[in-house]
Structures are given as structure tokens and as C-alpha cells.
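Protein sequence lines correspond, in order, to chains A and B.
Under UniProt numbering, the first residue of the first sequence is numbered 1, with each subsequent residue one higher.
Under UniProt numbering, the first residue of the second sequence is numbered 1, with each subsequent residue one higher.
Where a beta carbon is used, it is the ideal one built from N, C-alpha and C, also for glycine.
As the structure is a prediction and not an experimental result, all values here were calculated from the model.
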Amino acid sequence: METLKSILYFIVFPGFLFTAIAGILVSWIDRKVTALVQWRVGPPFMQPLYDFVKLLGKETIIPRGSSKFTFLLSPVLSLTSITIVSTMLWHTFIMPSKGFVGDLIVIVYLLVMPSIAIILAGFSSANPLSSIGASREMKLLLSYELPFIISVLVAVINSGNEILMGNILMFQNNNGAIAGSLSGILAFVVAILCMQAKLALVPFDAPEAETEITGGPFIEYSGTPLAIFKLSRWMLLFVLPLFLVGVFWGGFRIEGIDLLWSVLKYVALLVVIILIKNTAPRFRIDQVLKLFWGPITFLAILAVILAYLGV
Amino acid sequence: MSDENKNSKKERTVIPIGPYHPLQEEPEYFQLHVEGEIVKKIEWRTSYNHRGIEKLSQSMSYDQVPYLVERICGICSTSHPLSYVNAVEDLAEIEVPVRAKYIRTIIAELERLHSHLLWVGLAGHFLGFNTVWMWAWKYREPVLEIMEAVTGNRQNYAMMKIGGIRRDIDNEDIPSIKKMLDDLKPKVDLLRGAVMDDPIIHARTKGIGVLTPEDVHNYGALGPTARASGIKDDIRRDYPYAAYDIIDWDVIVEEEGDVFAKAVVRIKEMYESISMIHQCLDALKKENGEIETTVKEIPPGDGIGQAEAPRGEVFHFVRSDGTNRPVRHKVRAPSFCNVPTFEVTTVGETISDAAIILAAVDPCYCCTERMAVINSEGEKSLTGDDLIKMSQQKTERMRKSKKENK
Numbered sequence: 001m002e003t004l005k006s007i008l009y010f011i012v013f014p015g016f017l018f019t020a021i022a023g024i025l026v027s028w029i030d031r032k033v034t035a036l037v038q039w040r041v042g043p044p045f046m047q048p049l050y051d052f053v054k055l056l057g058k059e060t061i062i063p064r065g066s067s068k069f070t071f072l073l074s075p076v077l078s079l080t081s082i083t084i085v086s087t088m089l090w091h092t093f094i095m096p097s098k099g100f101v102g103d104l105i106v107i108v109y110l111l112v113m114p115s116i117a118i119i120l121a122g123f124s125s126a127n128p129l130s131s132i133g134a135s136r137e138m139k140l141l142l143s144y145e146l147p148f149i150i151s152v153l154v155a156v157i158n159s160g161n162e163i164l165m166g167n168i169l170m171f172q173n174n175n176g177a178i179a180g181s182l183s184g185i186l187a188f189v190v191a192i193l194c195m196q197a198k199l200a201l202v203p204f205d206a207p208e209a210e211t212e213i214t215g216g217p218f219i220e221y222s223g224t225p226l227a228i229f230k231l232s233r234w235m236l237l238f239v240l241p242l243f244l245v246g247v248f249w250g251g252f253r254i255e256g257i258d259l260l261w262s263v264l265k266y267v268a269l270l271v272v273i274i275l276i277k278n279t280a281p282r283f284r285i286d287q288v289l290k291l292f293w294g295p296i297t298f299l300a301i302l303a304v305i306l307a308y309l310g311v
Numbered sequence: 001m002s003d004e005n006k007n008s009k010k011e012r013t014v015i016p017i018g019p020y021h022p023l024q025e026e027p028e029y030f031q032l033h034v035e036g037e038i039v040k041k042i043e044w045r046t047s048y049n050h051r052g053i054e055k056l057s058q059s060m061s062y063d064q065v066p067y068l069v070e071r072i073c074g075i076c077s078t079s080h081p082l083s084y085v086n087a088v089e090d091l092a093e094i095e096v097p098v099r100a101k102y103i104r105t106i107i108a109e110l111e112r113l114h115s116h117l118l119w120v121g122l123a124g125h126f127l128g129f130n131t132v133w134m135w136a137w138k139y140r141e142p143v144l145e146i147m148e149a150v151t152g153n154r155q156n157y158a159m160m161k162i163g164g165i166r167r168d169i170d171n172e173d174i175p176s177i178k179k180m181l182d183d184l185k186p187k188v189d190l191l192r193g194a195v196m197d198d199p200i201i202h203a204r205t206k207g208i209g210v211l212t213p214e215d216v217h218n219y220g221a222l223g224p225t226a227r228a229s230g231i232k233d234d235i236r237r238d239y240p241y242a243a244y245d246i247i248d249w250d251v252i253v254e255e256e257g258d259v260f261a262k263a264v265v266r267i268k269e270m271y272e273s274i275s276m277i278h279q280c281l282d283a284l285k286k287e288n289g290e291i292e293t294t295v296k297e298i299p300p301g302d303g304i305g306q307a308e309a310p311r312g313e314v315f316h317f318v319r320s321d322g323t324n325r326p327v328r329h330k331v332r333a334p335s336f337c338n339v340p341t342f343e344v345t346t347v348g349e350t351i352s353d354a355a356i357i358l359a360a361v362d363p364c365y366c367c368t369e370r371m372a373v374i375n376s377e378g379e380k381s382l383t384g385d386d387l388i389k390m391s392q393q394k395t396e397r398m399r400k401s402k403k404e405n406k
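1) Taking just the CA atoms, how far does isoleucine 208 of chain B sit from alanine 242 of chain B?
2) Quick check on glutamate 254 of chain B: does DSSP put it in helix, strand or coil?
3) What in chain A is Cβ-close to arginine 204 of chain B, meaning under 7 Å?
4) For leucine 32 of chain B, which three-state DSSP category applies?
5) Suppose the cutoff is 6 Å on Cβ atoms and the five residues either side in sequence are ignored; what does the same chain contact list for serine 78 of chain A look like?
6) Looking at the unbroken beta strand (DSSP E) that takes in proline 16 of chain B, where does it start and where does it end?
7) If you draw a straight line from the C-alpha of leucine 181 of chain B to the C-alpha of phenylalanine 229 of chain A, how long is it?
8) How should phenylalanine 342 of chain B be labelled, buried or exposed, when 16 other C-beta atoms within 10 angstroms of its C-beta is the threshold for buried?
9) Which of helix, strand or coil does DSSP assign to tryptophan 234 of chain A?
10) For the beta strand (DSSP E) that contains glycine 305 of chain B, what are its first and last residues?
11) Below 8 Å on the Cβ atoms is my contact criterion, and I expect alanine 303 of chain A with serine 151 of chain A to pass it. Report the Cβ-Cβ distance as a whole number of Å.
12) If contact is defined by three or more beta carbon pairs under 8 Å, each pair taking one atom from either stretch, is the region 14 to 33 of chain B in contact with the region 339 to 353 of chain B?
13) Phenylalanine 18 of chain A to isoleucine 11 of chain A, Cα distance in whole Å?
14) Select from A:Ile213, A:Gln287 and A:Ile273 the residue whose C-alpha is nearest the C-alpha of isoleucine 201 of chain B.
15) In the structure shown, what three-state DSSP assignment does glutamine 38 of chain A receive?
16) Got a sec: which bits of the region 12 to 37 of chain A sit with their beta carbon under 7 Å from any beta carbon on chain B, in order along the chain?
17) Report the partner residues of histidine 21 of chain B according to the DSSP bridge assignment.
18) Using a Cβ cut-off of 8 Å, pull out every chain A residue sitting near proline 22 of chain B, in sequence order please.
19) For tyrosine 144 of chain A and glycine 215 of chain A, what's the separation of their Cα atoms in angstroms?
20) Once DSSP output is grouped into helix, strand and coil, what is the label at phenylalanine 252 of chain A?
21) Mind pulling the chain B residues with CB within less than 9 Å of proline 217 of chain A?
22) Could you compute how far the alpha carbon of alanine 20 of chain A sits from the alpha carbon of lysine 290 of chain A?
23) Looking at C-alpha atoms only, which residue of A:Phe188, A:Thr279 and A:Leu55 is the closest neighbour of leucine 242 of chain A?
24) Can you give the beta carbon distance from leucine 237 of chain A to leucine 269 of chain A, rounded, assuming they're within the 8 Å contact cut?
25) Roughly how many angstroms lie between the CA atoms of glutamate 404 of chain B and arginine 64 of chain A, to the nearest whole one?
26) Which of the three DSSP states is assigned to lysine 232 of chain B in this structure?
27) Looking only at its own chain, which residues have a Cβ that is under 7 Å from the Cβ of phenylalanine 123 of chain A, when we skip the five neighbours before and after it?
28) Just how far apart, CA to CA, sit glycine 230 of chain B and isoleucine 219 of chain A?
29) According to a CB-to-CB cut-off of less than 9 Å, which residues of the region 125 to 157 of chain A neighbour chain B?
30) CB histidine 116 of chain B to CB methionine 276 of chain B, shorter than 7 Å?
31) If the cut-off is 7 Å on Cβ atoms, which residues from the region 38 to 52 of chain A count as contacting chain B, listed in chain order?
32) What does methionine 196 of chain B reach in chain A if we use C-beta pairs closer than 9 Å?
33) Answer yes or no: does any C-beta atom of chain B fall closer than 7 Å to that of proline 203 of chain A?
34) With C-beta atoms as the reference, is threonine 345 of chain B less than 7 Å away from leucine 211 of chain B?
35) Please classify lysine 277 of chain A as buried or exposed, where buried requires at least 16 neighbouring CB atoms within 10 angstroms.
36) Against chain B, does leucine 299 of chain A count as a neighbour if the rule is that its beta carbon must be under 7 Å from one of theirs?
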């Protein structure tokens, strides 16, 4: 019975099906708001779903000379890891007391997996443009991962050295959001920038850079694998801001009026992402590296020091 | 081991840009030989879209040719006819009425305005700044509306005619055109702010793809590409045509020669264009008269016509033998001179920068493409008829072999 329940959790709610539907909805919001910022009309509500279904029906082409297994594995890897993150995250939101020690660390690690999947995809495609995309993704991963982990560390320190996601939520329930303190807000800003890079959106979209390397790692993908990749990106756009809301901004609560506030917090973060995306050109990959290892890591370390001082 | 030897042992990869690439909307093929992300060598191939314009032009009468050369380029669709009529007027020594000169200037400057706006948008797109792209193209729309109001067309205006222009601007319409121009100015201001004040654009374009004044001379670069490197080179000032020697305007020059300077030159030129159009419209109110002179016949001789297109000098050469069609018509589009500068500007930069450097000269490959027939003795050159004959023979052979197999 317990196994069946876990499988249901993973497949239906809050796992794959729920996250996928939410991701498709969120990607529509992204496209629509982007269109409005750019004074376009934007796609109809069902467009992302149409895109996805249409891609599923298309022919899957595997390039000659590519590593077939890795090529097909990487989209699945990306999708699975995001589904697990989403399941764990919602599980904690609904039942904060039922976690396991260190689930925060597991989530942070699982959030790296989509990027690893993109790198695998790029290198297995046997295409010079996708290799460049993959190597850029690798540099991007190296650059944002350090400040991201440090910023999450601030939440851990501020909540009394808790590495249990549920306890961080409980702490925020009792003492106010982590982002309420000076160190918390610094860490939150750092985490938002890292999130933008994790999502590979402008200004950190060098790995995909359509006008330079025509989509980079995804250049050889078609049909179902591409659809899975796209879906996993949309799901990441749904899950990652939620993770930030959970760690820094008081968590996502389901009861009564709190649900409205929680949704509003999430939408606010989403709008921030979309606005950053639409008001900046793309950084070159070496500039990204300098930016993240320089000022942003400095900010993150400053936040840790402030957190130790209890500010 | 010296650094150079170490580098030469590294393996070079070829990164293709083209023949079909989202960076540029025309077919072109650049091979970037890279070590890591650094471009070490660039090779290119164009000529995917040869259209035989020059040959076609020699089969048309003098009055038909402007419609043809208008279609060389969709964006600078008035520079080519303007340059062509300049050439024929030079050949036949035709004096153009002043009112026609002003209207020619208005059309040419409106075209520059819309072309530069288009480029600013595309440059934004190439840098991943899609908002600037959409905004610039939205603001380009009023310019096209003015064009439509003045000429009846958004593109391919069909205004140029040997000895004058085809459509007059009604003096009653002038205030409304001026109003549309005034409305455009704040929008250009906004775009200038979005491009020139954005720190990331500075980081991405300053010091990138520098073209030195020596290289401008070596490669013969033209137009905004040359003017961004501190070369004060402008056909409108050096060999004035239309009304450019009557009105008051400045040649915009920047010293740095990088991508940013090229953007600044184009943005500043938009303001110059707006001011020039205003001056011409004011002059039109006073200058009432004919818009064309009657041209009876074109005498034998050679004529040269130039015009400053948004991308640089357009050059047309026309030779007449006294009949009603040119015996030789040579066209040189500005990209012909600007594209080879990639050889110096992209080398040593990263792939990311190469993309924006390629776009920064605002290349127009299809306009540039020409074919040269070299007279080589002993070698048989094939005509269209020969090719058809060969293909028919091949079909015959296939049919025969099929029959034999049966």
C-alpha cells in the first residue's frame, strides 16, 4: 500500500503529471508576458500543449556518429530529476514534519541534474555547435553553482543549522521569512540571479544562444526527446522559483488565504525572471564566469558572514 | 616551447555559420576555424542567390530598369534606382528640377531611417535582446507609413525616374508628414537609451571587432562601417547628388571602429535624417515647379552614378550605344566592400563576438552577388540550351537502358 502511494505521489500528484501541467501553464505565462513586454499579441492559452503534443508525434532523428544511449538518456534524466525535486518539495510543503535529514542537500544536488543532462546531450550529439553549447553549459554550471550553494547555506544558518527542508519551513512559520533579515535578503538576491542562470535564460543563455550556435546542445534533437527536454525546462521554470519561495520566502502554504499569498509570491518571482529575461542582452560566457565568481560570490560570502553575526 | 608553437599543435574545429543560420536571413556560409572559442581564421562563401540582374537590365529599356534595380535589395530599395538615374543623368547630361531633387532626398533619407531602425532591432536580436528587436521594428512602422503616404508603397517605392520623379508630394500633406516625423523622434530617443545606456551592451560591443582606419583603406570599406572607424567618407558630401549640397547636415563619424561605434553612427545618423527630411519638406513649400524634365533620347556614352545607401556607397555604371536600352550596366552594392573586412575584425575574437561582428556591417549578401564570365580559350562554356539538351540526352539514355533491361 505504501509503495503504491509513493508511486502515485511520484506519477500523479505532486509528481510528474501535476508538475508537467503546471509547467506548461507557467511556460504559457512566460510567453504571454514576454509578448506583452515586446508589444506582441502572444500565443493562445493552449499553445505550449499543442507544441508538446505535436513534437511527440514527430520523427525522432538520431544523428550518425552520436552516442545513441546517452543521446536518448539525457532528456529522460532531466525529466526524472525535476520530477523527484518537485515531489520532494510539495511533500514538504504539505507535510513539513515528514522529511528526512538532509533532504535540502538532496534537492540542491538534484537541481544540478538538468544541467548535467544538457551537457551529456551536447557532447553525445556529434555536432560542433552542440559541443560548444555543452562546454558553455559546463562553464555556466561551474560559475553559478558556488554562489547558489552558499546562498542556500545562509538559509541553513539563519534557521539554526537545519538541513531538513521541513524544519526550515517551520522556522519561517514561527520567526518570519529568511529573506526578512539583511543576510537573508542578500542571499535571496544572489539565489534569484543563480536561478536565472540555472534556467539558462537571458542574460545567461550563452549555452543555447540561438543567434550564435543555433540552440547549442538541442540542435540535433527532434521529436519525442526534444519534447521531453522542452517539458523538463518548463517544469524547471515551475519548480525552481518554488524552491526559492520555500527556502527564503516563508514557504508555500496550502491552508485558506495563505494559498493566495503563496501563489502571489510565486508569481512575483516568475515576473522577476521574465522581466530580467526581457530587459537585458546576452552575456558572453567568460563574462558570466567573471560576474558569478566575482561580485556575486562576494555578495554570497558577505551574506554568510552576516548570517553568522546574526544580522 | 614558445606560445605560438603550443597553439599550432591545438586542434582547430570548423564552426559553420550558414548556409542557413538564424543569425542572418540570407544564405551565406562562413567557416570559423576556432581553437576553443577563439576564431583563428575565417573563410566565407556567398553567391547562393545569383539573379542575373545586370544581364536582365541590358534587355530592358532605360525607363524599365529602375523597377528592376529597385528589386536588388528589399531594404535599400531606393538607393539602387537613385544611383541608376544618377548614372543615366550623368551620361545624358540631364538637369533635374529642384523640387524633384528635394523629394529624392526625402525618399532616400526615409529609407535610411527605416533601414537603420531595422538594423538596430536585428543587432538587439543577435545579442539576445529581443525586446529591442520588437520595439525597433514597431517604431519602424511609422516610417513605413510615411513612405506609404508619400509614395503609395511600403517598399519598392517606384519613385525614381530619369530626369525626375514619378509622384509629387502634395503641399497640403506636408504638415501631417512633419507631425509623423516629430512623433518618431521620442521613439528614437528611447531606442538610443536602450542601446547606448545599457551596461551589458557596453560590455558586449565595446572594443569588439575593431576595424582600424588602415584596414578601412586596405579593404575599401564604405558607409557606416568606415565612418565608425574615423574615416569621414560619405558620397552625399563627397559627390553630392539630389539635394544634399543644398541642405545643411553633418557627416557622423566615430573614432573607435568597434561594434559599439558602428551602432552609435547609425543611431546618430537617424537624427540627421530626421532633420534633413524636415529641411526638405520646408523647402518644398516654397519650391513649386516641375518634378521631371522630358528626356527624348539617351546619347551614346558612359555614365557613372553613386548614391549613399544606408550601408554605404552604391555604384552604378551605365554604357549607352544610342539605342533604348543600356549595353552595359554594372552594379556594385556596398556589402561587396564591407564583407571582406571580416577577415581582420573576427580573427582573435570569440564565436559569440564573431556573430555580432558579422552583423555589425549590416551585410546584404544577395545584393552583392555577381557572376563573372572569364573568356577562356579551348574550354567549352555551357549555355542554358546546352544544359537542357544534356538533360534530355540523359533521359533518353535512361529510357533505352530500361527498355533493354525488359
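With the given structure in hand:
1) Distance between the alpha carbons of alanine 242 of chain B and isoleucine 208 of chain B: 36 Å.
2) Reduced to three states, the DSSP call for glutamate 254 of chain B is coil.
3) Result: Pro281 and Arg284.
4) Of the three classes helix, strand and coil, the one that applies to leucine 32 of chain B here is strand, per DSSP.
5) Excluding residues within five positions, the ones whose Cβ falls inside 6 Å are Pro114, Ala117 and Ser232.
6) Per DSSP, proline 16 of chain B belongs to the beta strand (DSSP E) from 13 to 17.
7) Cα to Cα, the separation comes out at about 47 Å.
8) By the neighbour-count criterion, in which 16 or more other beta carbons inside 10 Å mark a residue as buried, phenylalanine 342 of chain B falls on the buried side.
9) Of the three classes helix, strand and coil, the one that applies to tryptophan 234 of chain A here is helix, per DSSP.
10) In the DSSP annotation of this structure, the continuous segment of the beta strand (DSSP E) that includes glycine 305 of chain B starts and ends at 301 to 309.
11) About 7 Å separates the two Cβ atoms, so the contact holds.
12) Between the region 339 to 353 of chain B and the region 14 to 33 of chain B there are three or more inter-stretch CB-CB distances shorter than 8 Å, so the stretches are counted as touching.
13) Roughly 8 Å separates the two Cα atoms.
14) Among A:Ile213, A:Gln287 and A:Ile273, the Cα nearest to that of isoleucine 201 of chain B belongs to A:Gln287.
15) Residue state, collapsed to three classes: coil.
16) Listed by position, the residues of the region 12 to 37 of chain A near chain B (Cβ gap below 7 Å) are Val37.
17) According to the DSSP secondary-structure assignment, histidine 21 of chain B is paired through a beta bridge with B:Gln24.
18) Ordered by position in chain A, the residues that pass the 8 Å Cβ test against proline 22 of chain B are Glu210, Thr211 and Thr214.
19) Going by the C-alpha atoms only, they are around 21 Å apart.
20) It is coil, neither helix nor strand.
21) Ordered by position in chain B, no residue passes the 9 Å Cβ test against proline 217 of chain A, which lies about 15 Å from the chain.
22) C-alpha separation (whole angstroms): 35 Å.
23) Comparing Cα positions, the closest option is A:Phe188.
24) With a Cβ gap of about 10 Å, leucine 237 of chain A and leucine 269 of chain A do not count as contacting.
25) Rounded to whole angstroms, glutamate 404 of chain B to arginine 64 of chain A spans 38 Å at the Cα level.
26) Coil, per DSSP.
27) For phenylalanine 123 of chain A, where only same-chain residues beyond five positions count, the Cβ hits under 7 Å are Ser131 and Ala134.
28) Their backbone Cα atoms lie some 40 Å apart in a straight line.
29) If the cut-off is 9 Å between Cβ atoms, the region 125 to 157 of chain A has Pro128, Leu129, Ser131, Ile132, Ser135 and Arg136 near chain B.
30) The answer is no: Cβ separation not under 7 Å.
31) Within the region 38 to 52 of chain A, the residues whose Cβ lies closer than 7 Å to some Cβ of chain B are Gln38, Trp39 and Arg40, listed in chain order.
32) What methionine 196 of chain B touches in chain A: nothing, since even the nearest Cβ is about 13 Å away.
33) Nearest CB-CB separation between proline 203 of chain A and chain B: below the 7 Å threshold.
34) Contact: yes.
35) Flag for lysine 277 of chain A reads buried.
36) So no, leucine 299 of chain A is outside the interface.
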